[in-house]
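Number 232 in the UniProt record's numbering belongs to position 232 of the sequence shown; there are no gaps in the numbering.
We put the beta carbon where it would ideally sit given N, CA and C, even for glycine.
Heads up, the thing below is written out as structure tokens.
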Amino acid sequence: MTDKAFAQADPDWLALISAAREWLSGPVGQFLLEEERRMLEDELGRFFGGYLVHYGPSAQTPPSAPQVQRNVRLGAPLPGVEIVCEEQAWPLSEHAADVVVLQHGLDFCLSPHGLLREAASSVRPGGHLLIIGINPWSSWGLRHVFAHDALRQARCISASRVGDWLNLLGFALEKRRFGCYRPPLASPKWQARLAGWERKAGDWQLSGGGFYLLVARKIAVGLRPVRQARREPMGKLIPLPMAKVNRRHIEP
């Protein structure tokens with residue numbers, strides 16, 4: 001059924017998602033996801049409501065929000081995805097979700113603006129949109145430039161630019177956090193040696209972390225009709241009779 005539904009899907013998009021999933025399933029990608037999981041669990045613990053929607057290329061089960069009644073995964077046909085859809089065709093009504101999480105969705109997509117608009121539309125007024133992306137101003141962003149794997153295809157949009165887009169879509173940025181200050185090395189030995197630096201840099205929240213997490217709230221603007229000022233009657237304009245013009249020339 002899924003194969004039939006995606007028979008007409010954009011092959012470039014499917015190839016991109018598949019490559020991203022493969023990279024995130026590798027040792028370096030798994031290391032990045034584990035660092036993100038700790039931060040996401042910390043943030044999601046304070047949200048509540050009816051629905052949380054998660055979109056991202058990873059095949060790993062994402063952290064859930066314990067106080068949200070229903071956590072749903074949507075996206076490409078990946079293991080664990082409950083609602084299959086393309087990046088700009090979410091089968092959700094407007095304002096359907098209390099929380100939406102884009103975990104590397106903007107990094108691996110064909111249209112970042114289109115995907116972000118789709119996610120923003122799904123958030124109810126007062127709800128939250130959480131975005132995780134690879135920080136271009138980090139060692140991970142540098143590796144992206146020289147990589148020969150799927151990381152080379154990542155967009156690595158900066159946190160400040162995404163924040164500007166959120167502002168235009170009617171969101172207020174509440175929090176910006178950085179994580180994973182250790183370089184993208186597959187060696188567990190080197191990762192263990194740099195664990196102390198990870199803790200210190202995380203406490204200081206330096207801007208050079210490998211990923212960023214943005215937490216934005218959708219602003220609910222109440223529309224109120226403008227009361228018209230009362231106008232007192234000032235009388236009516238009455239047409240005056242036109243004066244007759246004597247066209248006789250007066251003799252001198």
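Integer Cβ distance of Asp98 from Val145, believed to fall under 8 Å:
The residue labelled residue 98 in the question sits at position 98 within the sequence shown. The residue labelled residue 145 in the question sits at position 145 within the sequence shown. Actually they are not in contact, since the Cβ atoms of Asp98 and Val145 sit about 37 Å apart, beyond 8 Å.
Check: What residue range is occupied by the uninterrupted beta strand (DSSP E) comprising Gln103?
Finding: Along the sequence shown, read from residue 1 onward, the residue named residue 103 stands at position 103. Residues 97–103.
Q: Return the Cβ separation of Pro184 and Ser139 in integer angstroms, given the expectation that the two are a contact with Cβ distance under 8 Å.
A: Taking the first residue of the sequence shown as position 1, residue 184 is located at position 184. Taking the first residue of the sequence shown as position 1, residue 139 is located at position 139. Contact flag correct, Cβ pair sits at about 6 Å.
6 Å Cβ shell around Glu94 - same chain, five flanking residues per side excluded: Here residue 94 is taken as the residue at index 94 of the sequence shown, counted from 1. Cβ within range, chain order: Ser121.
With burial defined as no fewer than 16 other Cβ atoms inside 10 Å of the residue's Cβ, what is the status of Phe48: buried or exposed? Taking the first residue of the sequence shown as 1, we reach residue 48 at position 48. With fewer than 16 other Cβ atoms within 10 Å, it is exposed.
Where do the ends of the alpha helix (DSSP H) carrying Pro112 lie?
For the purposes of this step, residue 112 is taken as residue 112 along the sequence shown, with counting starting at 1. Where Pro112 is concerned, the enclosing alpha helix (DSSP H) stretches over 112–122.
N- and C-terminal bounds of the beta strand (DSSP E) containing Ala147 = Residue mapping note: residue 147 aligns to position 147 of the sequence shown, counting from 1. Neither: Ala147 is in no beta strand (DSSP E) and is coded neither H nor E.
Note to self: Please report the straight-line C-alpha distance between Trp23 and Gly114, rounded to a whole angstrom.
What the structure shows: The residue given as residue 23 occupies position 23 in the sequence shown. The residue given as residue 114 occupies position 114 in the sequence shown. Between Trp23 and Gly114, the C-alpha separation is close to 24 Å.
Tell whether a beta-carbon distance below 7 Å holds between Cys156 and Gly141. The count along the sequence shown starts at 1 and reaches residue 156 at position 156. The count along the sequence shown starts at 1 and reaches residue 141 at position 141. Against a cut-off of 7 Å, the Cβ pair of Gly141 and Cys156 comes out as a contact.
Item to complete: Within 10 angstroms of the Cβ of Gly133, are there 16 or more other Cβ atoms? Answer buried if so, exposed if not.
Response: Reading the sequence shown from its first residue, position 133 is the one you call residue 133. Looking at its Cβ environment, which holds 16 or more other Cβ atoms inside 10 Å, Gly133 is buried.
- Short Cβ contact (7 Å threshold) for His104 with Gly56: In the sequence shown, the residue the question calls residue 104 occupies position 104. In the sequence shown, the residue the question calls residue 56 occupies position 56. Yes; because the gap between Cβ atoms is below 7 Å, this pair is in contact.
- Query: My guess is that Leu33 and Ser58 are in contact by the Cβ rule of under 8 Å, so how many angstroms apart are they, rounded?
  - Reply: In the sequence shown, the residue the question calls residue 33 occupies position 33. In the sequence shown, the residue the question calls residue 58 occupies position 58. Leu33 to Ser58, Cβ: 6 Å. Contact.
Relative to the alpha-carbon of Tyr51, which residue among Asn71, Ser25, Asp107, Leu110 has its alpha-carbon at the smallest distance? Start at 1 with the first residue of the sequence shown, and residue 51 comes out as number 51. Cα-wise, what sits closest to Tyr51 is Asn71.
Tell me whether Phe31 sits in a helix, a strand or coil according to DSSP, three-state version.
-> For the purposes of this step, residue 31 is taken as the residue at position 31 of the sequence shown. Note: Phe31 maps to helix in three-state DSSP.
Practice item. Determine the DSSP secondary structure at Ala154, reduced to helix, strand or coil. Key: To locate residue 154, count along the sequence shown from 1; it is residue 154. Ala154: coil per DSSP, three-state reduction.
Next item on the list: For the beta strand (DSSP E) containing Arg73, list its first residue and its last residue.
Entry: As a first step, residue 73 must be located in the sequence shown, where it is residue number 73. Here the beta strand (DSSP E) through Arg73 covers 68–75.
So, at 6 Å on beta carbons, what are the nonlocal neighbours of Glu118 in its own chain, with the 5 sequence-adjacent residues on each side left out? As a first step, residue 118 is located in the sequence shown; it is residue number 118 there, counting from the start. Taken in chain order, the residues that qualify are Gln88, Trp90.
Beta-carbon gap between Arg176 and Ala154 smaller than 7 Å | Translated into the one-based positions of the sequence shown, residue 176 becomes position 176. Translated into the one-based positions of the sequence shown, residue 154 becomes position 154. No, Cβ-Cβ distance for Arg176 and Ala154 is not below 7 Å.
Worksheet item: Thinking C-alpha only, which one of Val162, Phe171, Leu166, Phe211 is nearest Tyr181?
Response: Taking the first residue of the sequence shown as 1, we reach residue 181 at position 181. Comparing Cα-Cα distances from Tyr181 to each of Val162, Phe171, Leu166, Phe211, the minimum goes to Phe211.
Q. Looking at the unbroken beta strand (DSSP E) that takes in Gly179, where does it start and where does it end?
A. Walking along the sequence shown from the start, residue 179 turns up at place 179. Residues 171–179.
Practice item. Could you please give me the residues that DSSP links to Arg217 through a beta bridge? Key: For the purposes of this step, residue 217 is identified with residue 217 of the sequence shown, where counting begins at 1. In the DSSP output, where bridge partners are listed per residue, Arg217 has His128, Ala172.
Residue closest to Gly151, alpha-carbon to alpha-carbon, out of Asp10, Ala9, Ser18, Pro11: Along the sequence shown, one-based indexing puts residue 151 at 151. The question names Gly, yet the displayed sequence has Leu at residue 151. Closest option to Leu151, Cα to Cα, is Ser18.
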